[in-house]
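Here the structure is laid out as structure tokens; the discussion comes afterwards.
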Amino acid sequence: MRALARLGAAVVGVALALTGCASPPAAPAGSGAPMTSPVVKQKVVVFAAASLTAAFKELATQAPGLDISYTFDGSPTLVEQLNAKPDVADVLATADEPNMKKASDAQLIKAQPTIFATNTAVLIVPKDNPGKVTGLNDSLTGKKLVVCAPSVPCGAAARTIAQNAGYSLQPVSEEQKVTDVVGKVTSGEADAGIAFSTDAKSAGDKVATIQLPGADKVVSRYPLAVTAKSTRPEAAAAFVQLVTGEKGRAVLTRYGFTLP
Amino acid sequence: MTAGAGHVPGWIRLPAAVAVLFLLVPLVGVAVRVPWAQAPSLLATPEARDALWLSLVTCLAATGVSLVLGLPLAVALARSHGRLAGAIRTLVTIPMVLPPVVAGLALLITFGRRGVVGATLSAWGIEVGFTTVAVVIAQVFVSMPFLITSVEGALRAAGGAYEEVAATLGASPMYTLRRVTLPLMLPAVASGAALAFARALGEFGATITFAGSLQGTTRTLPLEIYQVRELDTDSALALSLVLILVAALTVGLSGWVSRRTVRRGAA
């Protein structure tokens, strides 16, 4: 009998907890609480390219009105996930235009995407440069070079730059994410890698950066757009404004991006 | 199976059916979505062929290594009772349940260029990172425990009575191992090796963390699927089907072998 009573209490408790959790957020969302309210944060889900990780995370600390939930991954992966569930994110930011075009062709985004930053590819080596690599030249012969796969923006950029320079890339690995390239260089597993200047910057003093001649002609342009099926278009627009506004530009520059 | 069926309450069939559907529908889903007409040409691309071949070669090598090193350990564990044996038994199963990325990181800091073992190897001019050997190492690490536990379990269940009899009849330890223990555990070896092979075939996380991804060298079937899945869903599905079929075949074979053993044991 006592056990039964306890069970009953537990059921009531769970029910209370459930309703308690469910009702308050529903009310302000329905009444469209103003963005400026310091108490109610507007939730927004952002899918962003892996190379935006550090900059976007810092940006989140400068947006008191937004409760930003990020997913960082390779651009093709993000588009694929959005394709599978179009309302899973409110904003999509890719590291190149072809991937954004895929999303736009599949009618996953609203309106025209905005280019908010550009990025250039650089050669990175472990800080003590054990392979004595000097650039895309003979110093790489017999050394372990890691690049991104051709379908990933940093891989496409690496190939174009090498092609323009008349150098044939012979990587030991083609990674799916630019952060994996950086990881293999910082761990010393690879002698060199081709990543974006921003990735080199966020790796700090664990890597040394070598500029690639002609890289400035192969900039990767970062577009961002509100998704077509966004359930929180207001918050999504606020996030876009944050990135393209003064705060966003300052943070992006600090993390090695160039501005369009 | 049929003899016990009457003792099972009827309601149990509902969750059981849900379990079957939950496990099978995704597999059937792949089979339905596979572009059957183009499957042969999708699987004949150089990338797909390289991945298939590399997976086959590395998994066979990994299973071979698991047999050579894992069998002796299984025999030793099955015939030991000490606390140390118990500890080892627990420890060697850890890679079975380790998240793949953790396995990859562990291997990287061990066999990587700056790793404990890797740094020494590197000084001798041997570097395993980004090579096919790294793929095999990753596969052995995650698959050998399956062989060990399966063989050890079978030996333990069989008990040591036959060996004791052989010993009292004057057989040497080597003779006993060769003529008594090995024949006893052969079916378990077959099914354990099949399980290890299947696990090696599916190995992904440790490979991508530790070995990298390059066509013909380190890009095994799962890595190739990961690579093409967003560009070319059809190829990814066709390759997935191959993996599912091989895995099903391997596990089916292992099940058939153990059932045969049970029947023989009962007779």
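Those protein sequence lines, which keep their order, are chains D and X.
Its first residue numbered 1, the first sequence is counted upward by one per residue in my numbering.
Its first residue numbered 261, the second sequence is counted upward by one per residue in my numbering.
C-beta atoms are modelled at their ideal positions from N, C-alpha and C, and glycine is treated no differently.
- Partner residues in the beta bridge of Val-44 (chain D), as assigned by DSSP, are D:Ile-68.
- For Leu-108 (chain D), no beta strand (DSSP E) run applies, since DSSP gives it neither H nor E.
- For Ala-414 (chain X), the three-state secondary structure derived from DSSP is helix.
- The alpha-carbon separation between Leu-224 (chain D) and Ala-111 (chain D) amounts to approximately 11 Å.
- Closest by C-alpha distance to Gly-135 (chain D), out of D:Arg-254, D:Pro-213, D:Arg-249, is D:Pro-213.
- Contact annotation: Ala-471 (chain X) and Ala-398 (chain X) have beta-carbon atoms nearer than 8 Å.
- At least one CB of chain X lies nearer than 8 Å to the CB of Ser-173 (chain D).
- Non-local beta-carbon contacts of Leu-501 (chain X) in its own chain, meaning distances under 7 Å to residues more than five positions away in sequence, involve Val-290, Ala-291, Val-294 in chain order.
- At a cut-off of 8 Å between beta carbons, Thr-409 (chain X) makes no contact with chain D.
- For the segment 373-398 of chain X, the residues whose beta carbon sits under 7 Å from a beta carbon of chain D are, in order, Arg-373, Arg-374, Gly-389, Phe-390.
- Closest in alpha carbon position to Ser-403 (chain X), among X:Ser-301, X:Asp-492, X:Thr-467, X:Ala-276, is X:Thr-467.
- For the C-beta of Gly-188 (chain D), the chain X residues within less than 7 Å are, from N- to C-terminus, Arg-373, Arg-374.
- Around the C-beta of Ile-272 (chain X), fewer than 16 other C-beta atoms lie within 10 Å, and the residue is accordingly described as exposed.
- At a cut-off of 8 Å between C-beta atoms, Pro-76 (chain D) counts as an interface residue with respect to chain X.
- In this structure, Lys-144 (chain D) sits away from Asp-73 (chain D), with a CB-CB distance that is not shorter than 8 Å.
- Assigned with DSSP and collapsed to three states, Phe-116 (chain D) falls in strand.
- Separation of the CB atoms of Ala-103 (chain D) and Val-88 (chain D) is rounded to 12 Å, and the pair is thereby denied contact status at 8 Å.
- DSSP places Phe-390 (chain X) in no beta strand (DSSP E); its state is neither H nor E.
- If one requires a minimum length of 4 residues, the alpha helix (DSSP H) runs lying completely within the segment 343-408 of chain X are 343-352, 354-357, 360-371, 376-383, in chain order.
- Pairing Phe-457 (chain X) with Pro-360 (chain X) gives a Cβ-Cβ distance that is not under 8 Å.
- Among the residues of the segment 144-172 of chain D, those with a Cβ less than 8 Å away from any Cβ of chain X are Lys-144, Val-146, Ala-149, Ser-151, Pro-171, Val-172, in the order of the chain.
- Nearest CB-CB separation between Leu-491 (chain X) and chain D: below the 8 Å threshold.
- Nearest Cα to Lys-184 (chain D) within the set X:Tyr-435, X:Glu-307, X:Ala-427, X:Leu-368: X:Leu-368.
- Of all alpha-carbon atoms in X:Gly-512, X:Gly-515, X:Val-506, X:Val-511, the one lying nearest the alpha-carbon of Leu-316 (chain X) is that of X:Val-506.
- Remark: C-beta atoms of Glu-189 (chain D) and Gly-372 (chain X) approach each other more closely than 8 Å.
- Excluding the 5 residues flanking it on each side, Pro-332 (chain X) has no same chain C-beta neighbour closer than 7 Å.
- Taking one beta carbon from each stretch, the segment 481-497 of chain X and the segment 298-311 of chain X have 3 or more pairs nearer than 8 Å; the two touch.
- At a C-beta separation below 8 Å, Gly-452 (chain X) has no neighbours in chain D, since its nearest C-beta there lies roughly 32 Å away.
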